[in-house]
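Notes follow once the structure below has been shown.
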Amino acid sequence: MLPYSPGLHILATFGAPAPALCDAEACRAFFDAQVHAFGLEKVGEAYHSFPADENGAGGFTAVLALTESHLSIHTWPEHGLATFDVFLSNFRRDNAATVQAIYAATLAFFGGIEQHKTEVRR
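The structure is reproduced here in structure tokens:
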């Protein structure tokens, strides 16, 4: 019997234009489309938008719980930064390509430029 590999987890920081990092509703629609496109199952979600302050427009935090695991993003538009992570388990199928595709699509959606990425094969 081969040892079980729980899945691929990508953790990243990327730069992006401030307007994209403020729009939690556009992100919600994008994440929902990703969940649907890849046949994932969302079991919970939380979105929280932060108010603008003296540093500029407020960012947001989003976390989606999936039967396969999770994805999340935290944005700082005043610094042009976001942190993102996605982990999908391999319980029913190898999801490594899906994790990589969701990450690439997220960078494209936000107009992001990768600053740091870690791939953890669990």
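Residues in the sequence shown are numbered consecutively from 63, following our numbering. Beta carbons are placed, not taken as given, at the ideal position from N, Cα and C, and that holds for glycine. Model, not experiment: these values are computed from the prediction.
(message) My output table needs one value for L102: the three-state DSSP class, helix, strand or coil.
(response) On the sequence shown, position 40 is the one that residue 102 refers to. If DSSP states are grouped into helix, strand and coil, L102 belongs with coil.
(request) Identify which residue in V125, A95 and L143 has its Cα closest to the Cα of C84. (result) Within the sequence shown, residue 84 is the residue found at index 22, counting from 1. Of the listed residues, the one whose Cα sits closest to C84 is L143.
(message) Quick check: the Cα distance between E130 and N152, rounded to an integer number of angstroms?
(response) Working through the sequence shown from its first residue, we reach residue 130 at position 68. Working through the sequence shown from its first residue, we reach residue 152 at position 90. Separation of E130 and N152 (C-alpha to C-alpha, rounded to the nearest whole angstrom) is 8 Å.
(request) Say whether the region 117-131 touches the region 87-98, bearing in mind that this needs 3 or more beta-carbon pairs closer than 8 Å, one atom from each stretch. (result) Below 8 Å, enough C-beta pairs join the region 117-131 and the region 87-98 to call them touching: three or more.
(request) Return the first residue and the last residue of the alpha helix (DSSP H) that A159 is part of. (result) Within the sequence shown, the letter at position 97 stands for residue 159. Residue range A158 to F172 is occupied by the alpha helix (DSSP H) that includes A159.
(request) Ignore the nearest five residues each way along the sequence and tell me which others in I72's own chain have a CB closer than 6 Å to its CB. (result) The residue labelled residue 72 in the question sits at position 10 within the sequence shown. If we look at I72 and ignore the five residues flanking it on each side, its Cβ neighbours are V148, V161, Y165 and E181.
(request) Less than 8 Å between the CB atoms is what I'm expecting for F100 and Q177, so what's the real figure, rounded? (result) On the sequence shown, residue 100 is found 38 positions in, with the first residue counted as 1. On the sequence shown, residue 177 is found 115 positions in, with the first residue counted as 1. About 25 Å separates the Cβ atoms of F100 and Q177, ruling out a contact at the 8 Å cut-off.
(message) To the nearest angstrom, how far is the alpha carbon of N157 from that of G69?
(response) The count along the sequence shown starts at 1 and reaches residue 157 at position 95. The count along the sequence shown starts at 1 and reaches residue 69 at position 7. Separation of N157 and G69 (C-alpha to C-alpha, rounded to the nearest whole angstrom) is 7 Å.
(request) Use the C-beta contact count for P79: other C-beta atoms within 10 angstroms, 16 or more gives buried, fewer gives exposed. (result) In the sequence shown, the residue the question calls residue 79 occupies position 17. Under this definition P79 is an exposed residue.
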